[in-house]
Amino acid sequence: MTGPDPAPHPHSTRHPDGTGADGTGTGPSGVGIGWRPEIAGFVADLPGLRFVEVIAESVPSAGPLPGGLDELRARGVTVVPHGVRLSLGGAEPVDPDRVTHLARVAELTGAPLVSEHIAFVRAGGLEAGHLLPLPRSREAVAATVANVRRAQAELPVPIALEPIAALFDWPDDDLDEAAFLTEILDRTGAWLLLDVANVYANARNRGTDPVALLDRLPLDRIAYAHVAGGAEAGGFYHDTHTDPLPAEVLDLVGELCARRSPPALLLERDGHYPPAAELRAELDALAAVAGHPVVT
Amino acid sequence: MTTGDLAARQAALVAALVAGAPPPPGFAPGPLAAARTALLRKRAGDVARHWPLLAAALGPSWPGVFAAWAADRPTNGSLRDGWDLARHLHDRGELPALGADELATREATTRYDGRNPPRRRRAPALGRAGGAVAGQLAGRVRLLRPAPRPAVDPAPAEH
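Top to bottom, those sequences are chains U and Y.
Sequential numbering from 29 applies to the first sequence in my numbering.
Sequential numbering from 1072 applies to the second sequence in my numbering.
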């Protein structure tokens, strides 16, 4: 067994949405969008935009920030580095160079927090190429907690952890999804990046109720939420980030916003970029369902 | 508490998903196969961003061509994956002209032995692929001769 857990990370005592003791608001707020080079022009033209994410691995350690992000920062837009390759759920210790890089990107972007996934992306010397689910076991909790703490020790800002969309489960889970997630958050003091589309995808593929899962998650730990489109293929719902936002996911955002003060919402789109009007309509729909200001 | 078991099980799972190893015991085969397919589609999209002309030249067949080649080949990163696939198609005479242009351009700027990470060339160099020739001087690259294009819409012969 592991020894008693130390206190949650000191960075985590103040909510990253900026509603801390000093009242300044520098964290994610309102409706944001994942900044990608292909849509940099579209993002730059969103007049009400307050926050974006940038894929941390796409930013060179030595800088500069990819084109356009400096201009957004100058406008007061919060930039959150979103890591995709730390492999925090890997059994092996997280790669210190990758943590150093994420910390460096947090400094370059002046970010109030960073985010990563509860997942692993490599093992035994092989890269999976994408996020893979963990067994929901005590052993996986311990490995993830240890890696998150290693990362927290180096990061200049808090980290928010995102549960992933998984097409399969491990055969021998001994915790359910809510218990697994809550234990990791409790033992690390990390914030939650809740991906509403992942909640929808997992529930649909497992034949469970996504709203019932929402009711069991620690919604008070949410730093911000992800929303993305997906599509049905081969009998599974795939969280593709390349398809339109389904009405069911938007409805689930509404369910989330009915259960706590609406969190900042970030739309992720990673390819098959639609005409600007369609992306604007999705951002407007998110603003409407959450009661956030329109950013378009 | 040891993580030896978790490490081994994670390794076995990744090997099954990307390297053609048998599925680890206990996993439902249908969902695992779906995950395998989804990983290949994700990789195809990532590689297309590094090799836009190659992917565009193959058009709707790109995901299938990539997946057939990549199914049992773990990734070496998108740049190298696309490079290896372009050379593979070239060797089989299946590299489309636009892909040949892109490959020749890459060969001119960057040295890649197929095993180690590509390294930028310092000396002037020519790159050739499928009839395309690209030249690089002081880091600037130009396509000197595009690969020959197939005849457009050949009319069926009258008999």
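We put the CB at the ideal spot given by N, CA and C, even for glycine.
Excluding five sequence positions before and after Trp63 of chain U, the CB atoms of its chain that fall closer than 7 Å to its own CB belong to Val71, Val80, Glu81, Val82, Leu97, given in chain order. The beta-bridge partner set that DSSP reports for Ser89 of chain U is empty. Proximity to Leu314 of chain U across U:Ile212, U:Val281, U:Asp201 peaks at U:Val281, based on C-alpha coordinates. Flagged as an interface residue toward chain Y: Pro199 of chain U, by a C-beta distance shorter than 7 Å.
Two segments are said to touch when three or more pairs of C-beta atoms, one from each, lie closer than 8 Å; by this definition the segment 163-181 of chain U does not touch the segment 221-232 of chain U. For Glu85 of chain U, the closest Cβ of chain Y is not nearer than 7 Å. Counting every other CB atom within 10 Å of its CB across the protein chains shown gives Pro109 of chain U a total of 16 or more, marking it as buried. Nearest CB-CB separation between Ala119 of chain U and chain Y: below the 7 Å threshold. Neighbours of Arg1114 of chain Y across chain U, judged by C-beta separation under 7 Å: Gly157. By alpha-carbon distance to Thr216 of chain U, the top candidate from U:Arg232, U:Ala194, U:Ile187, U:His129 is U:Ile187. Apart from sequence neighbours up to five positions away, the residues of its chain that approach Ala1196 of chain Y with a beta-carbon distance below 6 Å are Ala1179, Gln1207, ordered along the chain. By the C-beta criterion, the segment 256-263 of chain U is judged not to be in contact with the segment 139-150 of chain U, since fewer than 3 inter-stretch pairs fall below 8 Å. Taking C-beta atoms under 8 Å as the contact rule, Thr270 of chain U and Gly299 of chain U qualify, at a distance of about 4 Å. In the three-state reduction of the DSSP assignment, Glu306 of chain U falls in the helix class. Between the segment 1107-1127 of chain Y and the segment 1164-1183 of chain Y there are three or more inter-stretch CB-CB distances shorter than 8 Å, so the stretches are counted as touching. When the alpha-carbon of Gly1130 of chain Y is set against those of Y:Ala1141, Y:Gly1116, Y:Asp1143, the nearest one is in Y:Gly1116. One Cα belongs to Val112 of chain U, the other to Ala84 of chain U, and the distance between them is close to 7 Å.
Taking 3 residues as the shortest admissible run, the segment 207-246 of chain U contains the following complete beta strand (DSSP E) segments, listed from N- to C-terminal end: 219-223. For Val59 of chain U, the enclosing beta strand (DSSP E) begins and ends at 59-63. According to DSSP, residue pairing for Thr1108 of chain Y in a beta bridge does not occur.
Using a Cβ-Cβ cut-off of 7 Å, Gly1097 of chain Y counts as an interface residue toward chain U, since at least one Cβ of chain U sits closer than that to its own. By the rule that beta-carbons nearer than 7 Å mark a contact, Ala171 of chain U touches chain Y.
Taking the Cα positions, Asp248 of chain U is about 16 Å away from Val239 of chain U. Within the same chain, and ignoring the five residues on either side of Gly157 of chain U in sequence, the residues whose Cβ sits closer than 8 Å to its Cβ are Val149. Put simply, the backbone Cα of Asp267 of chain U is about 11 Å away from that of Ala1106 of chain Y. Chain U places no beta carbon closer than 7 Å to that of Leu1215 of chain Y, leaving this residue out of the contacts. Straight-line spacing of the CA atoms in Glu66 of chain U and Ala309 of chain U works out to 18 Å.
Taking a Cβ-Cβ threshold of 8 Å, none of the residues of chain Y is close to Phe79 of chain U; the smallest such distance is about 24 Å. Counting along the chain, no alpha helix (DSSP H) covers Arg164 of chain U, and no H or E run does either. For Asp204 of chain U, the closest C-alpha among the options U:Pro184, U:Leu183, U:Arg234 is that of U:Arg234. Trp1140 of chain Y and Ala318 of chain U have their C-alpha atoms some 44 Å from each other. Cβ-Cβ separation between Ala1222 of chain Y and Gly1201 of chain Y: approximately 16 Å, too far for a contact (criterion under 8 Å). Residue environment for Asp125 of chain U: exposed (fewer than 16 other C-beta atoms within 10 angstroms of its C-beta). When the five nearest sequence neighbours on each side are left out, the beta carbons in the same chain lying within less than 8 Å of the beta carbon of Ala1209 of chain Y are those of Pro1195, in order along the chain. At a cut-off of 7 Å, the C-beta of Phe70 of chain U has no neighbouring C-beta in chain Y. Secondary structure at Phe1137 of chain Y: helix, using DSSP grouped into helix, strand and coil.
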